[in-house]
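Only one structure is covered here, and it is reproduced in the block below.
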Amino acid sequence: GDVILESPVHPVTEGDPLTLHCLYRNTNPSNLRADFYKDGSVIQNQTTGEMIIHKVSKSDEGFYHCKHPERGASPRSWISVRLSDSTPSGGSVGVTVGLILVFLFIVLVILMILLWFYKMKK
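Using UniProt numbering, the first residue of the sequence shown is number 1, and each one after it goes up by one.
Okay, structure coming up:
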């Protein structure tokens, strides 16, 4: 087809910006009208031929395509969003809780030993 949606090949990191360009064969890319679709529904009408999501979230993941009134629609492109490394995963939270419990257990054992020694001295 004549219409192409230019999108990233690799997954986009959550929180990063995403720019999609609607390109037309043999045409200057500036000032081109385009409707942008996500999962089959119109999400933006643009006169610039580009759509910007300033902070991508997991809910932005899906199939995107653009459509020009006269030239038709682009093939669908899958946009994948990966979670950023800065967000703590469930695993690290579990490890932290585990370490706190082990520490409390050790303190409790030491207190019991000290109490036992104290009673033995009496």
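For each residue, glycine too, the CB sits at the ideal point set by N, CA and C.
All of these numbers come straight from a predicted model, not from anything done at the bench.
- The Cβ atoms of PHE63 and MET51 do not sit closer than 7 Å to each other.
- Under the DSSP assignment, ASP35 falls in the beta strand (DSSP E) whose first and last residues are 34-38.
- Taking the C-beta atoms as reference points, ASP60 is found nearer than 7 Å to VAL81.
- In this model, SER84 and ILE53 are separated by some 16 Å (Cα to Cα).
- Here DSSP, grouped into helix, strand and coil, assigns VAL42 to strand.
- Straight-line measurement puts the Cα of GLU70 at about 17 Å from the Cα of HIS21.
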